[in-house]
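Single-structure report; data block below.
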Ligand SMILES: [Zn+2]
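Residue numbers (the working numbering): 379 to 657.
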């Protein structure tokens, strides 16, 4: 989960595209300019009203016409080079949809088979991991990483206990109050995307929690050079590391951040402190 703040001028991109020599865009300006600008405006208006799932499809979108948009998306044309750069940008090493430490694909938030006109529209492209392959077709159940500012806050935590040095995993929970205006959507994204589309998500969390508990020095780097003498000191070290990593990855919702922050919860912090001072 990660808020994406893109500074891409889609209209300037269209104008560059019109001047391309590619056969794909012959007469493209005359045929599509008015339509595309109109549809882009509609997309933004619906997304800003949080109603993108109700954006009407374009009726009678001829298959051949749709194919041109899909071909443009994968064409590698220099006027669309932003797509390749966006997909590969290093700062996206966290999936915007599930928080995994992988990206490398771009998801079409509104699918390109039903909304082909948004195939090359930056506001519809979301850096993601392979979780996007099984994304729910009903996008009203998940949040759009470019349009919801709440994604900049920590949304979830892992509920667990430590029993006989073992992680007793109890589930992933919401880190926000039920009065939050998007509580239902944040809950729905968890159920309908993270838990459904990420293979073995909860097993992965359990393993990562156990691993951090077993070898805290491998994960909390400052422990290598200081001896912990108080709970306050350990909390401060964890908070500092979270702050650094959240800045580096531009989100507090990466898996690493989610796991480390969960050790600060009162149910487990004392046990974790005891573990840290005895190794
Ligand atoms: Zn993902």
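Virtual Cβ for every residue (Gly too), placed ideally from N, Cα, C.
What does the alpha-carbon distance come out to for the pair residue i and residue j?
i           : j           : result
residue 463 : residue 418 : 21 Å
residue 483 : residue 507 : 6 Å
residue 520 : residue 568 : 8 Å
residue 474 : residue 523 : 6 Å
residue 611 : residue 424 : 47 Å
residue 560 : residue 586 : 28 Å
residue 600 : residue 637 : 17 Å
residue 571 : residue 427 : 22 Å
residue 622 : residue 541 : 30 Å
residue 453 : residue 528 : 34 Å
residue 615 : residue 598 : 8 Å
residue 582 : residue 443 : 43 Å
Helix, strand or coil: which one does DSSP assign to residue i?
i           : result
residue 538 : strand
residue 393 : helix
residue 383 : coil
residue 483 : strand
residue 452 : coil
residue 521 : coil
residue 561 : helix
Give the single residue among the options whose Cα lies nearest to the Cα of residue i.
i           : options               : result
residue 515 : 492, 533, 530 and 616 : 492
residue 608 : 442, 409, 496 and 654 : 654
residue 584 : 627, 613, 539 and 603 : 539
residue 613 : 440, 652, 421 and 628 : 652
residue 543 : 598, 476, 627 and 589 : 589
residue 486 : 496, 479 and 631      : 496
residue 477 : 440, 501 and 530      : 530
residue 319 : 575, 410, 629 and 547 : Lying before the first or after the last residue shown, residue 319 is absent from the chain, which here runs from 379 to 657.
residue 518 : 532, 548 and 562      : 562
Contact defined as beta carbons within less than 8 Å: I believe residue i pairs with residue j. What is the distance between those atoms, to the nearest angstrom?
i           : j           : result
residue 461 : residue 498 : 7 Å
Check: Hey, is the stretch 588-603 in contact with the stretch 636-647, meaning 3+ C-beta pairs nearer than 8 Å?
Finding: The stretch 588-603 vs the stretch 636-647: in contact.
Next item on the list: Specify whether the stretch 439-457 and the stretch 395-403 touch according to this definition: at least 3 beta carbon pairs, one from each stretch, less than 8 Å apart.
Entry: yes
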